[in-house]
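In what follows, a structure is listed as structure tokens, so that the remarks can point back to it.
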Amino acid sequence: MRWRAASRAAVALAGAGTLAAGMALVLTAPAAAGTTLGASAAEKGRYFGTAVAGFKLSDSAYTTILNREFNMVTAENEMKIDATEPQQNRFSYGSAEQIVNHARSRGMQVRGHTLAWHAQQPSWMQGMSGTALRQAILNHVTQVATHFRGQIYSWDVVNEAFADGNSGGRRDSNLQRTGNDWIEAAFRAARAADPGAKLCYNDYNIDNWTWAKTQGVYNMVRDFKSRGVPIDCVGFQSHFNSDSPYVSNYRTTLSSFAALGVDVQITELDIEGAPANTYRSVVEDCLAVARCNGITVWGIRDSDSWRSYQSPLLFNNSGQKKPAYDAVLAALNSGTNPTTPPPTTTPPPTTPPPSDPPPTTPPPGQGDCSASVTVNQWNGGFVANVRVTAGSSALNGWTVTIDLPSGATVTNAWSADRSGNSGTTNFRNVSYNGQVAAGQSTEFGFQGTGTAGTLTPTCAPA
Ligand code: G3I
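If you're matching positions, the sequence shown starts at 0 in numbering that gives the first Met the number 0 and goes up one per residue.
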């Protein structure tokens with residue numbers, strides 16, 4: 000379509016005798032080249048991000064580059080489980096908020112890394128197992144995603160859950176031993192807590208299309224999509240080195256995952272020795288895949304890298320641009336700009352953010368509603384997600400009643416106020432999701448111990 004339109008225009012201009020070489024160029028040339036990584040990526044409908052260490056925000060050489068070059072930020076360690084829940088049910092967000100606020104106040108977006116992971120668990124979690132651990136990790140996902148609700152572009156909901164080597168299966172971990180469905184339970188809890196964020200599975204050594212680990216993750220994502228598990232994206236860490244080198248089938252990997260109906264993101268890029276050609280190839284591969292949302296490098300200067308001895312980043316220890324930087328910028332600036340915005344799987348928020356005024360305010364007592372529930376059950380516990388749908392007129396408050404079977408006990412709920420925790424249990428809207436336009440829906444969820452069985456929710460307008 001774009002070529003045809005350009006051709007028609009060129010023919011028309013040529014017919015008028017006005018076609019100069021320069022004008023023909025204007026018809027197909029890219030817009031003005033950006034001069035920073037973030038600006039150039041944005042011109043291609045993408046972002047360019049970096050990992051940020053909170054304690055470096057007082058280093059002006061560091062923040063000068065951060066603020067100039069990047070428009071996406073990932074907390075390098077500050078949103079991990081040991082940082083955000085150092086003691087059970089005592090949450091600590093200070094360092095994470097410092098990074099989120101630094102980014103958002105300057106117009107940068109934030110990737111949330113990471114809600115559920117076998118590593119960097121606080122000591123209280125490392126010793127847990129079974130139902131207690133399942134409850135603890137789902138509570139962690141719910142609490143952290145709720146705390147940052149509306150501020151995160153995409154969450155790494157689950158990190159590094161697959162094994163290296165040729166098995167193509169899951170990594171053994173205390174989380175995996177709670178049951179194979181722990182990953183989907185985490186995704187459902189994250190969706191309920193922060194419905195406007197993209198939800199990613201993130202891993203390393205899944206860049207090479209021929210590797211068993213890549214295929215294992217691919218099969219999981221395909222299964223999740225076929226069963227309606229709420230996954231929106233896959234994060235490719237892309238730590239390239241001699242053991243795990245960049246390979247030319249990387250583009251095939253990105254496009255194959257995208258064909259499953261998820262976005263793809265390059266989330267922790269660094270390349271041993273920072274060869275300019277390899278950095279260029281990675282950028283070109285992302286630009287070639289419409290659903291590749293953007294690229295994040297794992298640090299700013301080589302001295303900031305977890306593998307500083309490999310000098311794998313775009314800036315040297317003094318903050319000077321390296322040849323790899325020039326290659327990345329040139330690749331971002333080459334080609335044409337997208338004619339249409341890149342597709343996105345971000346679901347429309349099912350609940351308006353608290354600050355959004357409702358479109359209309361129906362008087363109390365109007366409307367009718369219905370409710371449906373999906374239950375994710377495992378041995379000893381469950382998570383339920385409930386969808387409340389307004390009938391032919393808008394709702395101005397609702398209550399959902401669910402009869403829980405004997406032995407099932409609700410331990411916590413999100414996006415609803417609960418009364419009771421067993422038997423007949425009522426869930427009432429909270430301040431931001433009581434008003435639902437005619438025919439529209441909102442969601443809440445709860446988790447519990449025991450067996451939920453088949454639940455039949457009833458909905459009543461407030
Ligand atoms: O802050 C303490 C310091 O007080 C203490 O003196 C020092 C002693 O070793 O440790 C410091 O904490 C270190 C922390 O980084 C901050 O520098 C931890 O030991 C160290 O383990 C931690 O490493 C992080 C690593 O994840 C842990 O798994 C790296 O910074 C971080 O870049 C790295 O990031 C991971 C991604 O999350 C997931 N993908 C792989 C990637 C690289 O390993």
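C-beta: ideal position from N, C-alpha, C; glycine also.
Treat the numbers as computed from the prediction; the structure is a model and nothing was measured.
**OP:** Work out the CA separation of D262 and V233 for me, nearest whole Å.
**Re:** 6 Å
Original post:
Roughly how many angstroms separate the alpha carbons of I265 and T252, rounded to a whole number?
Top reply: 12 Å
**OP:** Using a threshold of 7 Å, state whether the C-beta atoms of A393 and G422 are closer than that.
**Re:** no
**OP:** Establish whether the CB of N158 and some CB of chain B are separated by less than 7 Å.
**Re:** Among the chains of the structure shown, chain B does not appear; only one protein chain is present.
Subject >> T338 versus T34 - alpha carbon distance >> reply: Any reading at T338 must be qualified, since the residue scores a pLDDT of 44, below 50, and its modelled position is unreliable; the value itself is stated next. Answer to the nearest angstrom: the Cα atoms are 21 Å apart.
Original post:
What are the start and end residues of the alpha helix (DSSP H) that includes Q120?
Top reply: Counting along the chain, Q120 falls outside any alpha helix (DSSP H), and DSSP gives it neither H nor E.
Original post:
In chain order, what residues of the same chain lie with their CB nearer than 8 Å to the CB of Q134, ignoring the 5 residues before and after it?
Top reply: G380, T410, Q446 and T448
**OP:** Look at the alpha carbon of W297 and the alpha carbon of A389, and state the distance between them as a whole number of angstroms.
**Re:** 45 Å
Subject >> Whole-angstrom distance between E267 and A189, CA atom to CA atom >> reply: 22 Å
Original post:
DSSP on N411, reduced to helix/strand/coil?
Top reply: strand
**OP:** Put A383 into one of helix, strand or coil per three-state DSSP.
**Re:** strand
Subject >> CB of Q462 within 7 Å of CB of V99, strictly >> reply: Past the boundaries of the shown model lies residue 462; the chain is included only from 0 to 461, so the question cannot be answered.
Original post:
Do you know offhand how far K43's Cα is from F314's?
Top reply: 22 Å
Original post:
Apart from the five residues on each side of it in sequence, which residues of its chain come closer than 6 Å, Cβ to Cβ, to S254?
Top reply: V288
Original post:
When the Cα atoms are used, what is the spatial distance from Q305 to E271?
Top reply: Rather than Gln, the amino acid found at residue 305 in this sequence is Trp. If you take the alpha carbons of W305 and E271, they lie about 12 Å apart.
**OP:** Note down, in chain order, each residue of its chain lying with its Cβ closer than 7 Å to the Cβ of V382, except the 5 sequence neighbours on either side.
**Re:** L137, A184, R187, A188, N375, G444 and Q446
Subject >> Any non-hydrogen atom of ligand 2 within 6 Å of A118 CB >> reply: Only ligand 1 can be found as ligands here, which leaves ligand 2 out of the picture.
**OP:** Evaluate contact between the region 152-160 and the region 168-185, counting only Cβ atoms and requiring at least three cross-stretch pairs below 8 Å.
**Re:** yes
Original post:
What does DSSP give as the partner residues of Q314 in its beta bridges?
Top reply: In the sequence under discussion, the amino acid at residue 314 is Phe, which differs from the Gln named in the question. In DSSP, F314 forms a bridge with R300 and K320.
**OP:** Using only alpha-carbon positions, find the residue among D416, S369, Q236 and M219 that is nearest to V435.
**Re:** S369
**OP:** Below 7 Å CB to CB, which residues in the same chain sit around L65 once its five sequence neighbours on both sides are set aside?
**Re:** T49, V51 and I299
**OP:** Express the C-alpha separation of K55 and G452 in angstroms, rounding to a whole number.
**Re:** 50 Å
**OP:** Compute the Euclidean distance between the alpha carbons of S128 and G433, then round it to the nearest angstrom.
**Re:** 37 Å
Original post:
According to the Cβ coordinates, are A323 and Y249 closer than 7 Å?
Top reply: no
Original post:
At a cut-off of 6 Å, is W305 close to ligand 1 when judged by its beta-carbon and the heavy atoms of the ligand?
Top reply: yes
Subject >> Chain-order list of residues whose beta-carbon lies under 6 Å from that of V464 (same chain, five-residue window excluded) >> reply: Residue 464 cannot be examined here, being either before or after the span of the chain that is shown, 0 to 461.
Subject >> Reduced DSSP secondary structure (H/G/I, E/B, other) of Q87 >> reply: coil
Original post:
When the distance is taken between beta carbons, is V387 closer than 7 Å to V372?
Top reply: no
Original post:
Between K224 and L259, which are expected to be in contact by the criterion C-beta below 8 Å, what is the C-beta distance as a whole number of angstroms?
Top reply: 5 Å
**OP:** Note down, in chain order, each residue of its chain lying with its Cβ closer than 7 Å to the Cβ of E77, except the 5 sequence neighbours on either side.
**Re:** G53, S94, A95 and I98
Original post:
Between the region 202-209 and the region 236-244, do at least 3 Cβ pairs fall closer than 8 Å?
Top reply: yes
Subject >> Extent of the continuous alpha helix (DSSP H) to which T252 belongs >> reply: Y249 to A257
Original post:
Where do the ends of the beta strand (DSSP E) carrying G234 lie?
Top reply: C232 to F235
Original post:
Quick one: does the C-beta of E271 sit closer than 6 Å to a heavy atom of ligand 1?
Top reply: no
**OP:** Check whether the Cβ of Q434 lies closer than 6 Å to any heavy atom of ligand 1, and answer yes or no.
**Re:** no
**OP:** Out of A118, R148, S391 and V281, state which residue places its alpha-carbon closest to the alpha-carbon of K79.
**Re:** A118
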